[in-house]
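Shown next, in the form of structure tokens:
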């Protein structure tokens, strides 16, 4: 497994794991309530400063959470790689691949999870894939990656 920055140009096939719309209002409400708490303690100009700082900060944090990309892209050498956030793995090192949903996802991320595994989990994404790593030089036994389209990701990995 190699860690490097994600490609600057968004390669075709990368899925963006955006935060769902319903997570934004409660998060912004909490930021607004926190700003109101600070607002009550200060008069004058300092009273509106928490709104100017905390609300944009909440928007920035929420947008950063949803920037994670997952998929298969081709690197500069023409080799296909599985990208999961900042990590990537050449598809030639992917062994067995499974789709995990529901209870099997709970088990894969809970009691069955190997501490050496690479995990990119987003709780708002209902499914994931588990990819066995067959690189003898890599200590990571497998990857568990959240994806909304697991069958499409597996087809991309297999080159279909």
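Numbering (the working numbering), first residue to last: 11 to 170.
By construction, the Cβ of each residue, glycine as well, lies at the ideal position given by its N, Cα and C atoms.
Quantities reported herein were computed from a predicted structural model and do not represent experimental measurements.
Helix, strand or coil at residue i [DSSP, three-state]
| i | result |
| --- | --- |
| residue 161 | helix |
| residue 32 | helix |
| residue 138 | strand |
| residue 67 | helix |
| residue 154 | strand |
| residue 110 | strand |
| residue 39 | helix |
| residue 123 | coil |
| residue 143 | strand |
Environment of residue i [buried if 16+ CB atoms lie within 10 Å]
| i | result |
| --- | --- |
| residue 163 | buried |
| residue 27 | buried |
| residue 35 | exposed |
| residue 166 | buried |
| residue 113 | exposed |
| residue 130 | buried |
| residue 77 | exposed |
| residue 25 | buried |
| residue 52 | exposed |
| residue 46 | exposed |
| residue 118 | buried |
Identity of the residues DSSP links to residue i by a beta bridge
| i | result |
| --- | --- |
| residue 105 | Residue 105 pairs with nothing; no bridge assigned. |
| residue 79 | 26 |
| residue 128 | 153 |
CA nearest to the CA of residue i, picked from the options
| i | options | result |
| --- | --- | --- |
| residue 142 | 54, 68, 49 and 92 | 92 |
| residue 30 | 150, 154 and 132 | 132 |
| residue 168 | 81, 56, 128 and 57 | 81 |
| residue 110 | 154, 144, 41 and 40 | 154 |
| residue 87 | 100, 79 and 95 | 100 |
| residue 75 | 89, 95 and 117 | 95 |
Min CB distance residue i to chain D below 8 Å
| i | result |
| --- | --- |
| residue 85 | No chain D appears in the structure shown, which is made up of a single protein chain. |
Do the segment 126-138 and the segment 152-161 touch if we need at least three Cβ pairs shorter than 8 Å? yes
Touching or not, the segment 97-113 and the segment 53-73, by the rule of three or more beta carbon pairs under 8 Å? no
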